[in-house]
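In this text, residue positions in the sequence shown follow this note's numbering: the first is 10, and each later residue adds one.
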Amino acid sequence: MSDPAVTYSSYLKIDELLELQQPRSTGPEHDEMLFIVIHQVYELWFKELLHEFDRVRLLLEGDESFRVQHTLKRILTILKVMVAQLDILETMTPLEFLTFRERLEAASGFQSDQFRQVEFVLGLKSEQSIARFAENTRARKALVKRFREPTIWDAFLRYLAREKYAVPSAHLHRDVVAPVEPSPEIQRILIDVYRKDPKNAELCERLVDLDEGIQEWRYRHVKMVERTIGMKKGTGGSAGAGYLRTTLSQPAFPDLWEIRSQL
Ligand code: HEM
């Protein structure tokens, strides 16, 4: 017997997908569906971003700078959609959120391992965030794997070295579990790139777009949090908006920001 013909529904697993939205409030409260759907959509975009970041790293390793640009363009387009989607959740008023907020208990975006994976692949590594995930779970394993992998920045510096820039070996062979720190030596190289090498300067600009895109998401998220719960504590146990504001000033590629005042 041959397999049944592939259909829209069987290929995309629509039946399974539509089973995954399960409100916890009694009624259930009308706005909980939006809250669930939007978070699930974000998790899917995180998945796609990670998929594309893996490709960027691979293309950098293969010195395929034009294809890196192409993939970064896709990533940036996704990020724009991700930022824009926050508008939808902002149609939920503080009182509407309160109709089901307590049913979230301690659940919070804090516990999104894919968001932490995005941070890790960009160089924002922190061993502390791994500890929040239980041992032997999918989330913990995925996060530990990302933690040990080189970041996009590492791949970019190795690419620049192959493009004949004198990247110090301490940077090429750094311990990749450490967060990426600003470096005056790298900044001198980047200034050279910007002044003399339009192809790679353009690549740097796309990385700045990426960093700015993530920061834009963080900013819009914190504004949404402020208008929805004010200065209340988060369900994840943090100070809420106060905590989130501290994450706004942490660029993924600090050297690319630093050189702007030196050019
Ligand atoms: C009404 C809507 C939302 C509110 C009130 C809200 C509130 C918060 C708060 C207070 C935190 C700080 C951690 C805590 O104590 O819980 C947080 C973290 C976070 N939220 Fe949201 N959030 C909302 C929607 C979303 C959406 C749609 C996403 C999409 C995935 C999201 C993703 C995250 C992530 C990834 C973090 C961790 C950020 C970090 O540690 O830098 N949140 N959220």
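Where a beta carbon is used, it is the ideal one built from N, C-alpha and C, also for glycine.
I need the straight-line Cα distance from L181 to K242, nearest angstrom please. 41 Å
Is the distance from the Cβ of I200 to the Cβ of L272 below 8 Å? The answer is yes: Cβ separation under 8 Å.
For W266 and V217, I'd like the C-alpha separation in whole angstroms. 8 Å
Cα-Cα separation between G222 and D96, rounded to whole angstroms: The alpha-carbon atoms of G222 and D96 are separated by roughly 16 Å.
Does the beta-carbon of I161 have 16 or more other beta-carbons within 10 angstroms, so that it is buried, or is it exposed? buried
Who are the Cβ neighbours of L81 in its own chain at under 6 Å, not counting the five residues just before and after it? R215
Excluding the five sequence neighbours on either side, which residues of its own chain have a C-beta within less than 8 Å of the C-beta of V46, listed in chain order? Q30
7 Å Cβ shell around Y168 - same chain, five flanking residues per side excluded: L69, D72
Terminal residues of the continuous alpha helix (DSSP H) containing Q94? Segment: none, Q94 is in no alpha helix (DSSP H) and carries neither H nor E.
Buried or exposed: V189, going by 16 or more other Cβ atoms within 10 Å of its Cβ? V189 is buried by the Cβ-count criterion.
Return the chain-ordered ranges of every alpha helix (DSSP H) run that is complete within the segment 36-87 and spans a minimum of 4 residues. 41-70
May I ask which residues mark the beginning and end of the alpha helix (DSSP H) holding A250? 250-255
Between which two residues does the alpha helix (DSSP H) containing I198 stretch? 193-205
How would you call Y20, buried or exposed, if buried means at least 16 neighbouring beta carbons within 10 angstroms? exposed
Run the proximity test for G71: is its beta-carbon closer than 7 Å to any non-hydrogen atom belonging to the ligand HEM? No - the ligand HEM has no heavy atom lying nearer than 7 Å to the Cβ of G71.
What do you get for N145, buried or exposed, if any count of 16 or more other CB atoms within 10 angstroms of its CB means buried? exposed
Are the C-beta atoms of V185 and some chain D residue less than 8 Å apart? Going by chain labels, chain D is absent from the structure shown, which holds only one protein chain.
Under the three-state reduction of DSSP, which class applies to N209: helix, strand or coil? N209: helix per DSSP, three-state reduction.
Can you find the residues in the same chain that come closer than 6 Å, C-beta to C-beta, to F119, ignoring five residues on each side of it along the sequence? Excluding positions up to five away in sequence, the list reads G245.
Below 7 Å CB to CB, which residues in the same chain sit around A164 once its five sequence neighbours on both sides are set aside? R66, L69, E70
For M91, which of D264, L58, H39, S117 has the nearest alpha-carbon? The residue with the shortest Cα to Cα distance from M91 is L58.
Three-state secondary structure (DSSP) of D184: In the structure shown, the three-state DSSP call for D184 is coil.
Which class does R227 belong to by DSSP, given the choice of helix, strand or coil? helix
Selected residue, minimal CA-CA separation from S196, among V186, Q137, P177: Note on residue identity: the sequence assigns Gln, not Ser, to residue 196. Closest by alpha carbon: P177.
Give a yes or no on contact between the segment 34-54 and the segment 131-142, applying the rule of three or more CB pairs nearer than 8 Å. no
Suppose only complete runs of 4+ residues qualify. What are the alpha helix (DSSP H) ranges in the segment 127-189, listed by chain order? 136-140, 147-157, 161-171, 178-181
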